[in-house]
Amino acid sequence: MQIEKKILKKGSLGKLFEKISASGRRILAPAQDGENIFFKEVSSPEQVARDYIQTTLSAKSAVFPACEKLFGYKFEGSQVKIEDRDLNFKPTVIFGLRPCDARSFSVMNQVFTWDYQDEFFKKRLENTAIIGLSCSKADQYCFCASVGGGPGDSQGSDILLTQIGSGDYLAEVITEKGKELVSIVPELFEPAEGEDKEKYLASMPKQFELKELSEKLPGLFNNPELWIEQSLRCLGCGACAFVCPACVCFDIQDEAKKEGGIRLRCWDSCGFSLFTLHTSGHNPREAQSQRWRQRVMHKFSYFNDRLGVIGCVGCGRCSRICPADMNLLEHLKAIAEAK
Amino acid sequence: MEELQKKARELLESQAIKVIIGYGKGSSGQARPVFIRKPEAVDKLILDESCVQNLAVYLLKPEVKALAKPGIVAKTPVLRTILQLASENQIKDGELVVLGISPDNKLIEFSDLKAIEDYVSGLSFEYSQADKALLEKLEKMSQAERFRFWQEQFSKCIKCYACRASCPLCYCARCMVECNQPQWIPVAPHQVGNLEWHIVRAMHLAGRCVNCGDCGRACPVGIPVHLLGEKLAEEIFKSFGLRSGAKVQGEYALGAWKLEDKEDFIR
Amino acid sequence: MTEANIYKPYLMRIEKAIDEAPGIKTFRLLFVNEEEGKNFSFKAGQFGEYSVFGQGECTFCIASSPTRKGYIECTFRQAGRVTQALANQEEGEIIGFRGPYGNIFPIESWEKKSLLFIAGGIALPPLRCVIWNALDWRDRFKDITVIYGARTVADLVYKYELEEWSKREDLKLITTVDPGGETPDWKGEIGFVPTVLEKASPSSENTIALVCGPPIMIKLTLPVLAKLGFKPEDTFTTLENRMKCGLGKCGRCNVGKFYVCKDGPVFTLAQLNTLPAEY
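Chains as they are written, first to last, in this note's numbering: chain A, 40 to 378; chain B, 79 to 345; chain C, 36 to 314.
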């Protein structure tokens with residue numbers, strides 16, 4: 040579909056939210072919560088956080104919740120009855136998603152739809168439309184341009200908004216879903232006269248050559264010193280994986296009561312020692328350095344080799360929240376420059 | 079800072095220790111843990127108000143232990159942690175060199191753990207203004223209001239275990255939450271799973287937590303989990319007159335029974 | 036859901052529970068829903084996720100041959116939470132099964148070749164499905180040799196089948212126990228599997244080798260196979276790794292760019308040599 044350019048006046052946001060809500064869709068947008076910003080259900084643009092670089096948690100829980108029931112089961116005499124789920128998800132619009140996060144949906148999609156089709160993810164994604172928001176600012180943790188993205192990248196957004204000089208938004212309608220959204224309240228989207236978004240975007244130079252990094256990595260597998268040095272201060276928590284918009288590893292757990300129970304899946308991280316622990320006690324990744332190596336190699340080498348996408352969108356969340364200041368970008372630069 | 083760097087260089091050159099666990103310059107004005115092994119690299123060590131992380135957490139990490147005998151830069155919270163770890167038999171005299179840092183950033187050398195105990199006994203210890211205010215606010219709430227407060231806070235919890243990972247006293251090789259026979263605590267980040275995790279952790283740390291505040295700092299979603307530790311520390315003091323991180327051979331309030339223990343919780 | 040919930044298991048009734056060896060059991064499972072049972076098929080090498088509702092899921096290969104319809108079998112050792120719970124299930128009870136997952140032994144490409152099976156202890160089950168598959172298609176293959184050993188006589192699994200196989204003319208069976216593991220009336224070999232293999236010295240000409248066993252056995256067997264002239268592309272094994280979903284999504288079994296649940300568990304030695312040593 041050819042991208043259509045429109046203007047959305049800044050004063051129209053209220054009406055836009057109103058009409059979207061009235062159409063039966065819920066709106067998720069970044070909202071301030073003390074010092075953090077989370078995606079929450081909002082009804083008006085006043086509730087949306089302003090003037091920030093990035094949210095604390097990603098929006099991935101909209102399509103991949105932290106905790107998801109897979110099915111229920113009941114014991115009935117000598118029988119077991121499985122109660123399958125009815126997957127009816129309320130149509131959702133994610134408003135104000137950064138371009139890096141918008142790209143992460145296609146990364147997640149690769150995992151959930153290669154070969155076996157994960158209907159939990161698919162149905163949620165089908166019912167989700169994304170109104171992205173370009174970045175006019177970035178901080179030292181961002182590196183979207185180094186992994187193929189950019190502060191005004193339209194990939195993954197159904198509509199991408201860029202705030203221009205007048206305070207109004209240049210709205211690029213990118214997909215059919217975006218067109219559908221526009222059709223709910225077409226009068227708010229006026230024709231755009233040759234607006235160029237480039238000058239309103241944050242400066243985001245490339246910090247390392249992705250190609251160089253990907254080529255170096257396989258050879259660095261057997262360089263334990265590199266991985267040990269980089270991960271000495273890593274505490275082995277799962278914070279980086281859980282805030283990451285592209286991390287989708289999960290655990291499957293049964294929760295039982297006497298008469299029945301449920302099987303659910305929840306977020307998990309390759310950073311935990313338990314992740315690869317065999318019942319026999321053997322752990323292929325016993326040391327934190329091996330788990331750190333897996334994190335980097337999986338995102339930047341294995342994932343690409345297997346599923347054709349880089350498993351990182353350069354949002355910088357992992358580095359912002361790391362209690363030990365691991366700083367992924369620094370480590371990646373060191374690897375790209377390693378001999 | 080120069081004092082510290084000088085001492086660090088001396089220790090490394092004489093091979094009295096093999097690694098200095100200290101603070102270095104991190105991203106965006108923070109400090110970050112550094113592991114200095116070469117004497118020439120001691121100028122990476124910094125010392126200022128950004129140096130707050132409790133470095134004692136690295137003393138028991140296998141990867142750091144593998145670097146052999148460490149020296150550790152120790153402000154007051156780290157000193158108290160070292161005493162607590164000593165009273166739990168996790169570290170002994172001679173296993174490390176402690177480079178104490180006084181509240182006014184002067185270097186203090188300790189000959190042994192007892193010397194740390196003597197020094198710490200002369201320090202006063204207070205929670206931050208923000209923490210005190212929030213604790214007071216919670217104290218004034220009814221039990222139902224307090225429970226609602228914590229339920230709301232725990233609803234943000236994603237079970238990343240950053241609180242556990244950053245805590246020097248959470249050193250169990252196999253944490254209770256990792257036990258699946260039986261699965262004491264549900265793994266999933268739902269209401270029950272989150273509440274049980276935080277309550278169990280708080281109870282396992284009651285009387286042991288040195289109130290360094292790292293757990294609250296580590297939490298990516300801003301849950302003030304360190305307040306649970308602060309409240310329980312006060313309760314332990316009220317009921318048993320004991321404080322953690324004070325003695326080389328400290329007592330664990332919840333692990334000992336004495337004739338004079340009050341039983342007024344039995345009504 | 037109208038589309039398949041890929042995490043939903045089949046309901047299976049335990050028709051038979053057999054105590055193979057101390058701590059090792061075999062279940063013969065029937066589909067509770069007969070229609071599902073009729074439509075179910077798999078190929079040798081594939082595995083499933085077996086579950087006790089309320090305890091969790093566990094990964095084992097399907098140990099019965101795909102040529103036998105209507106039921107599947109699995110053999111497992113009681114080791115952790117789910118296997119203990121499985122072992123406590125009785126005949127007639129219902130468990131869950133998801134599958135078949137994973138890649139297959141390319142048995143159909145081995146026509147006119149000889150097959151050499153080498154297994155140790157609890158690792159015979161993954162190869163047993165291939166052995167019976169081959170026996171059910173006997174005239175497609177030349178010689179079939181099985182070398183199987185365990186620590187002690189009691190630890191041998193499928194004792195009743197070993198008995199059967201030893202009487203067959205179209206299969207050469209060599210059983211062995213570790214030195215000290217024999218009983219007074221033991222008639223088989225005494226020695227570690229790699230040693231017995233070297234002694235038997237089977238021909239590598241036009242032969243496919245299938246090896247499965249504990250890591251130490253594999254480590255010592257592979258050089259012997261190499262010495263006997265077996266090429267890495269003709270040596271097959273099946274890997275065990277921590278798995279959860281079995282579908283290539285949860286990430287646990289990821290080794291290098293492979294997922295053991297999708298690109299394995301069957302690997303040739305040639306492929307194994309390209310994997311990082313993280314399994």
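Even for Gly, the Cβ is constructed at its ideal location relative to N, Cα and C.
Given the structure is predicted, the values throughout are model-derived calculations rather than measurements.
Item                                                                                                                        : Value
Cβ neighbours of C:Q124 in the same chain (closer than 7 Å, five flanking residues each side left out)                      : I49, V87 and I130
B:F343 burial status per 10 Å Cβ neighbour count (16 or more: buried)                                                       : exposed
Residues near A:E251 in its chain [Cβ-Cβ closer than 8 Å; skip 5 each side]                                                 : A375
Where the alpha helix (DSSP H) through A:M147 begins and ends                                                               : P138 to T152
Integer-rounded CB distance, given that B:A134 should sit under 8 Å from B:T159                                             : 4 Å
Among B:Q168, B:E312 and B:V112, the one whose alpha carbon lies nearest that of B:P246                                     : B:Q168
Cβ-Cβ separation, C:L274 to C:V295 (assumed contact under 8 Å), whole Å                                                     : 5 Å
Per-residue DSSP class, three states only, for C:D54                                                                        : strand
Residues near A:W331 in its chain [Cβ-Cβ closer than 7 Å; skip 5 each side]                                                 : W266, Q269, S270 and C273
Residue-chain proximity (C:R112, chain B), Cβ-Cβ < 7 Å                                                                      : no
Rounded separation between B:P148 and A:P362 - CA only                                                                      : 22 Å
Chain C contacts from the stretch 243-261 of chain B (Cβ-Cβ distance under 9 Å)                                             : N258, Q259, P260 and Q261
Assumed close pair A:S354, A:P244 - CB separation to whole angstroms, cut-off 8 Å                                           : First, the residue type needs correcting, since residue 354 of chain A is Cys and not Ser in the sequence shown. Wrong, their Cβ atoms sit about 17 Å apart, outside the cutoff.
For A:E80, the three-state DSSP class (helix, strand or coil)                                                               : strand
Neighbourhood of C:P214 by C-beta, 7 Å cutoff - its chain only, sequence neighbours within 5 removed                        : I225 and G226
CB contact below 7 Å: C:R203 versus chain B                                                                                 : no
Residues near B:G328 in its chain [Cβ-Cβ closer than 6 Å; skip 5 each side]                                                 : S165
Host beta strand (DSSP E) of A:E43 (start-end)                                                                              : E43 to L47
Cutoff 7 Å: A:G300 Cβ touching any chain C Cβ                                                                               : yes
Cβ neighbours of B:P302 in the same chain (closer than 6 Å, five flanking residues each side left out)                      : G294
The stretch 159-173 of chain C: positions lying closer than 9 Å to chain A by Cβ                                            : none
Pick from B:F232, B:R226 and B:C290 that is closest to B:E204, judged by C-alpha positions                                  : B:C290
C-beta contact flag for C:A98 and C:P141 at 7 Å                                                                             : no
Proximity test, Cβ basis, 7 Å: A:K106 and chain C                                                                           : Position check: residue 106 of chain A holds Cys in this sequence, whereas Lys was assumed. No - not a single Cβ of chain C is within 7 Å of the one on A:C106.
Chain B contact for A:A88 (CB, 7 Å cutoff)                                                                                  : no
For B:Y197, the first and last residue of its enclosing alpha helix (DSSP H)                                                : L191 to S199
Below-7 Å beta-carbon distance, B:A266 vs any chain A residue                                                               : yes
Boundaries (first-last residue) of the alpha helix (DSSP H) holding A:I59                                                   : L52 to A61
Chain-ordered neighbours of A:R323 on chain C, where CB pairs are closer than 7 Å                                           : The displayed chain sequence assigns Pro, not Arg, to residue 323 of chain A. What A:P323 touches in chain C: E313 and Y314.
C-alpha distance - A:L346 paired with B:P298, whole-angstrom precision                                                      : 30 Å
Buried or exposed by the 16-neighbour rule on C-beta atoms within 10 Å, applied to A:K42                                    : At residue 42 of chain A the sequence reads Ile, which differs from the Lys that was named. A:I42 comes out exposed.
Within 7 Å, strictly: CB atoms of A:G350 and A:V146                                                                         : yes
Spatial neighbours of A:P190 in its chain, beta-carbon cut-off 7 Å, leaving aside the 5 residues before and after           : P138, S173, C174, A177, C183, L240, A241 and M243
Chain-order list of residues whose beta-carbon lies under 7 Å from that of C:G91 (same chain, five-residue window excluded) : R116 and V117
Short CB-CB distance (under 7 Å) between B:C129 and chain A                                                                 : no
Selected residue, minimal CA-CA separation from C:Q306, among C:M278, C:R287, C:R175 and C:P267                             : C:P267
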